[in-house]
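**Student:** Have a look at this one before I ask anything.
Residue numbers (the working numbering): 1027 to 1429.
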């Protein structure tokens, strides 16, 4: 049984104790997560030790990359953006990694392992709801709605979070020495994977599950029986889901066909209309590839460039790379890559399991940014920062930490 809170429970420990339970909120309506996050911010302010918190932030390998992105986006808002773009309404979207710095200001400690364990408990809950809603008629309450039908980005995020949870379960299984625990984590991996492949309402969940599973196996592959067994299990899951899951097979097939049609100059189906983002955002990029058009420019310019298309009504290009390049130019992309490089380098320096989880979380952000604005939409970004804090807190440029 997980001992959630420190025995010496006090105001100083309150922020880290809130971080322990915060990951389970990712499987509930978004308002629950924001409410608990609000309590965390309040506890952070009341718990004191501000000098120590600032030192934790300052010593983080992420501090200077995040500061560089802040300065760059602020400069863009002041000197490159047109005033009609309302840049300061969009500036906050580029500060998502300052949310991570705020979370890790509490420092490392025993709360980190508990936080990841709670996340896995939440994933098992979410997976169970996916199964149960197929067996029983659940009421159409908000708490269940995202599991029953597609409800936009929250449904997409559930698929991604479950894909992450499956990968972490697989990592735990590979690093576990106790045979019984190894089997339990392996079964959790299979249980979550089935839900993602058969019931998740998003291809992003499928991509997260498959790519992260392959990454985990690659990071831990050795010529021994367990590695081959895991590879076979993953292959069987994919084969069975391809033959049995209409959603997985049909959506994947349509995507491939749309890519072929689009590459030949044709018009893809409505489901792949986001491919138009590459055309019209690409026009913006080609005009100002170095400096970009400034913060807020995409939202102001794209509707006119895509007049008459479905994508003209959308608020973001469903691609972090396109957004950063169009608005912040090449320096914006470089600042973002510096952040990711710092996280991956830290993952390589940390304890084996902790580092691999950090690399896994960074990879899902890198891959997810190809098909969603993971960093701009805080329904994706904040949860990933919450999970990243659980393995990144306490790390410095000079030390190695373990959970």
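Just so you know, even glycine gets a beta-carbon here, dropped at the ideal spot from N, CA and C.
Note that this is a predicted model, so its numbers are computed, not measured.
1) Taking buried to mean at least 16 other C-beta atoms within 10 Å of its own C-beta, is residue 1089 buried or exposed?
2) So what's residue 1107 in DSSP terms, helix, strand or just coil?
3) Among residues of its own chain, excluding the 5 on either side of residue 1069, which ones have a beta-carbon nearer than 7 Å to its beta-carbon?
4) If I follow the unbroken alpha helix (DSSP H) through residue 1365, where does it start and stop?
5) Short of 6 Å in beta carbon distance, which residues of its chain neighbour residue 1404, apart from the five on each side in sequence? Order them along the chain.
6) Along the chain, where does the alpha helix (DSSP H) containing residue 1183 start, and where does it finish?
7) Below 8 Å on the Cβ atoms is my guess for residue 1072 versus residue 1037; work out the distance and round it to an integer in Å.
8) Can you tell which of 1352, 1324 and 1347 has the C-alpha that lies nearest to the C-alpha of residue 1340?
9) In the DSSP assignment, find the unbroken alpha helix (DSSP H) run with residue 1075 in it and report its ends.
10) On a Cα-Cα basis, can you pick out the residue from 1131, 1145 and 1205 that is closest to residue 1192?
11) Taking all protein chains shown into account, decide if residue 1028 is buried (16 or more other Cβ within 10 angstroms of its Cβ) or exposed.
12) Let's test the definition: count the other Cβ atoms within 10 Å of the Cβ of residue 1266 and tell me whether it reaches 16, buried, or not, exposed.
13) Report yes or no: do the region 1059 to 1067 and the region 1346 to 1359 share at least 3 C-beta pairs separated by less than 8 Å?
14) Using only CA atoms, which one of 1138, 1358, 1356 and 1327 lies nearest to residue 1111?
15) Which value, in whole angstroms, describes the spacing of the CA atoms of residue 1415 and residue 1247?
16) Is the beta carbon of residue 1318 closer than 8 Å to that of residue 1351?
17) With DSSP run on the structure shown, which of helix, strand or coil describes residue 1132?
18) Go ahead and label residue 1136 buried or exposed: buried means 16 or more other beta carbons lie within 10 angstroms of its beta carbon, across all protein chains shown.
19) Do residue 1190 and residue 1408 count as a contact pair if the criterion is CB distance below 8 Å?
20) Leaving aside the five residues before and after residue 1121 along the sequence, list all residues of the same chain whose C-beta is less than 7 Å from its C-beta, in chain order.
21) Given this structure, state the Cα-to-Cα distance separating residue 1428 from residue 1379, to the nearest angstrom.
22) Measuring only the C-alpha atoms, how far is residue 1084 from residue 1075?
23) So does the region 1091 to 1107 actually touch the region 1356 to 1368, counting three or more Cβ pairs closer than 8 Å?
24) With DSSP collapsed to three states, give me the class of residue 1386.
25) For residue 1464 and residue 1078, what's the separation of their Cα atoms in angstroms?
26) State the DSSP-derived secondary structure class of residue 1086, mapped to helix, strand or coil.
27) Just to confirm, is the Cβ distance from residue 1227 to residue 1195 under 8 Å?
28) Please classify residue 1319: does DSSP put it in a helix, a strand, or coil?
29) Please confirm if the region 1162 to 1170 is in contact with the region 1214 to 1224, defined as three or more CB-CB distances below 8 Å between the two stretches.
30) Taking the alpha helix (DSSP H) that residue 1168 belongs to, which residues open and close that run?
31) To the nearest angstrom, report how far apart residue 1511 and residue 1243 are at their CA atoms.
32) Helix, strand or coil for residue 1211? Go by DSSP, reduced to three states.
33) Counting along the chain, where does the alpha helix (DSSP H) carrying residue 1151 start and finish?
34) Could you tell me the alpha carbon to alpha carbon distance between residue 1174 and residue 1052, rounded to whole angstroms?
35) Does the distance from the C-beta atom of residue 1385 to that of residue 1123 stay below 8 Å?
36) Could you give the DSSP three-state label for residue 1332: helix, strand or coil?
**Tutor:** On the basis of the data shown:
1) Residue 1089 sits at position 63 when you count from the first residue of the chain shown. Buried: at least 16 other Cβ atoms inside 10 Å.
2) Counting from one through the chain shown, the residue named residue 1107 turns up at place 81. Reduced to three states, the DSSP call for residue 1107 is coil.
3) To locate residue 1069, count along the chain shown from 1; it is residue 43. Counting only Cβ-Cβ distances below 7 Å, and skipping sequence neighbours, we find 1040, 1041 and 1044.
4) On the chain shown, position 339 is the one that residue 1365 refers to. Counting along the chain, the alpha helix (DSSP H) containing residue 1365 begins and ends at 1346 to 1375.
5) Along the chain shown, read from residue 1 onward, the residue named residue 1404 stands at position 378. Nothing meets the Cβ criterion.
6) Mapped onto the chain shown, residue 1183 falls at position 157. Taken as a continuous stretch (DSSP letters only), the alpha helix (DSSP H) holding residue 1183 covers 1179 to 1201.
7) What you label residue 1072 is simply residue 46 of the chain shown in a count that begins at 1. What you label residue 1037 is simply residue 11 of the chain shown in a count that begins at 1. With 8 Å as the limit, residue 1072 and residue 1037 qualify as a contact, their Cβ atoms being about 6 Å apart.
8) Position 314 of the chain shown, counted from the first residue, corresponds to residue 1340. Taking only the C-alpha atoms, the option nearest residue 1340 is 1324.
9) Position 49 of the chain shown holds residue 1075. Unbroken run through residue 1075: none, as it is neither H nor E.
10) Along the chain shown, one-based indexing puts residue 1192 at 166. Selected option, being the one with the closest Cα: 1145.
11) For the purposes of this step, residue 1028 is taken as the residue at position 2 of the chain shown. With a pLDDT of only 49 at residue 1028, under the threshold of 50, the placement of this residue in the model should not be trusted, and no figure is reported.
12) Taking the chain shown and counting its residues from 1, the one referred to as residue 1266 is at position 240. By the neighbour-count rule (16 or more Cβ atoms within 10 Å), residue 1266 is not buried but exposed.
13) no
14) For the purposes of this step, residue 1111 is identified with residue 85 of the chain shown, where counting begins at 1. The shortest Cα separation from residue 1111 among 1138, 1358, 1356 and 1327 belongs to 1327.
15) By one-based count along the chain shown, residue 1415 stands at place 389. By one-based count along the chain shown, residue 1247 stands at place 221. Approximately 26 Å between the Cα atoms of the pair.
16) As a first step, residue 1351 must be located in the chain shown, where it is residue number 325. As a first step, residue 1318 must be located in the chain shown, where it is residue number 292. Yes, the pair counts as a contact, with Cβ atoms nearer than the cut-off.
17) By one-based count along the chain shown, residue 1132 stands at place 106. Here residue 1132 sits in coil by DSSP.
18) One-based indexing of the chain shown puts residue 1136 at position 110. Exposed is the call here.
19) Residue mapping note: residue 1408 aligns to position 382 of the chain shown, counting from 1. Residue mapping note: residue 1190 aligns to position 164 of the chain shown, counting from 1. Contact flag unset, no.
20) In the chain shown, the residue the question calls residue 1121 occupies position 95. Excluding sequence neighbours, residue 1121 sits near 1096.
21) Position 402 of the chain shown holds residue 1428. Position 353 of the chain shown holds residue 1379. In this prediction, residue 1428 has a pLDDT of 48, which is less than 50 and means its spatial position is unreliable; nothing more can be read from the coordinates.
22) For this step, residue 1084 is matched to residue 58 along the chain shown. For this step, residue 1075 is matched to residue 49 along the chain shown. C-alpha separation (whole angstroms): 14 Å.
23) yes
24) Reading the chain shown from its first residue, position 360 is the one you call residue 1386. If DSSP states are grouped into helix, strand and coil, residue 1386 belongs with the helices.
25) Residue 1464 is absent from the model: the chain starts at 1027 and stops at 1429.
26) Position 60 of the chain shown holds residue 1086. The three-state reading of DSSP puts residue 1086 in coil, since its state is none of H, G, I, E or B.
27) Position 201 of the chain shown, counted from the start, is the residue given in the question as residue 1227. Position 169 of the chain shown, counted from the start, is the residue given in the question as residue 1195. Taking 8 Å as the Cβ cut-off, residue 1227 and residue 1195 do not qualify as a contacting pair.
28) Translated into positions along the chain shown, residue 1319 becomes position 293. In the structure shown, residue 1319 sits in coil (DSSP, three-state: anything other than H, G, I, E or B).
29) no
30) For the purposes of this step, residue 1168 is taken as residue 142 along the chain shown, with counting starting at 1. Unbroken alpha helix (DSSP H) run through residue 1168: 1168 to 1174.
31) Lying before the first or after the last residue shown, residue 1511 is absent from the chain, which here runs from 1027 to 1429.
32) Along the chain shown, read from residue 1 onward, the residue named residue 1211 stands at position 185. Residue 1211: helix per DSSP, three-state reduction.
33) As a position in the chain shown, residue 1151 is number 125, starting the count at 1. Where residue 1151 is concerned, the enclosing alpha helix (DSSP H) stretches over 1137 to 1161.
34) As a first step, residue 1174 must be located in the chain shown, where it is residue number 148. As a first step, residue 1052 must be located in the chain shown, where it is residue number 26. Taking the straight line from one Cα to the other gives about 16 Å.
35) On the chain shown, residue 1385 is found 359 positions in, with the first residue counted as 1. On the chain shown, residue 1123 is found 97 positions in, with the first residue counted as 1. Taking C-beta atoms as the reference points, residue 1385 and residue 1123 fail to come closer than 8 Å.
36) Along the chain shown, one-based indexing puts residue 1332 at 306. Three-state result, residue 1332: coil.
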